[in-house]
Amino acid sequence: MENRAAVFIDGAYLTKILDVDFGKPKIDLAGFSELLCGSYERLRTYYYNCMPYQSCPPTEEERRRFASMDKFVYTLRKLPRFEVKLGRLGCVGGEFVQKRVDIALAADLVRLSCGRMISKAVIVTGDSDFVPAIEAAKEAGVLVMLYYSPSSIHDELLSAVDESMVIDQNMISQVAR
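Residues 8 to 184 in the numbering used here are what the sequence shown spells out, letter by letter.
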């Protein structure tokens, strides 16, 4: 466990900030993960997301988006020490929302922390729903580091973590493809 980290990436959040803050660059997620871990050995990167919506029958645009995400997920799953966890898309009040994604990330964070498999958790998200899981990880003795964008972050999340770092242009430039 000593000097071992796990990276937990909220894929929808990362995609949003890459699009909004940095102009939609393509990044090397393995390199990004190593950069986030710093001097810690990376046990694994966990990437959480959902496949895009497809109507029945799907439109051409829906097919294109789905195929693109499918190819991306396939590529990620082949990377060493990467695990992709997909939730599902639900419809609530006419809006599409991710289901099971946040709870999967929270469960993995708590499991690895309480199992003493990591000494550092690196989280890329802006969602305050993770605060209870972060508190549990900290109680297990794990250092919790948050990487975020100031354009999309909850103050409660910033207060809950041990350390935080803004994802900036310099960081993105280091891992751009």
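Glycine is no exception: its CB is placed at the ideal position from the N, C-alpha and C atoms.
Remember, predicted model here, so these are calculated numbers, not experimental data.
Hey, how far is the Cα of residue i from the Cα of residue j?
i, j, result
"R118", "P139", "13 Å"
"R51", "K145", "19 Å"
"G148", "Y55", "24 Å"
"P157", "A128", "20 Å"
"C121", "A111", "15 Å"
"F29", "I174", "10 Å"
"V168", "I160", "12 Å"
Can you check DSSP and say which residues form a bridge with residue i?
i, result
"M172", "Y154"
"V14", "T52 and V129"
"S159", "S156"
"G97", "V104"
"F89", "T52"
"I34", "A183"
Label residue i either buried or exposed according to how many other C-beta atoms from any shown protein chain fall within 10 Å of its C-beta, with 16 as the threshold for buried.
i, result
"Y155", "buried"
"G45", "exposed"
"F103", "exposed"
"T132", "buried"
Evaluate the contact criterion for the stretch 27–47 versus the stretch 58–73: three or more CB pairs, one atom per stretch, below 8 Å. Contact between the stretch 27–47 and the stretch 58–73 is not established, with fewer than three Cβ pairs separated by less than 8 Å.
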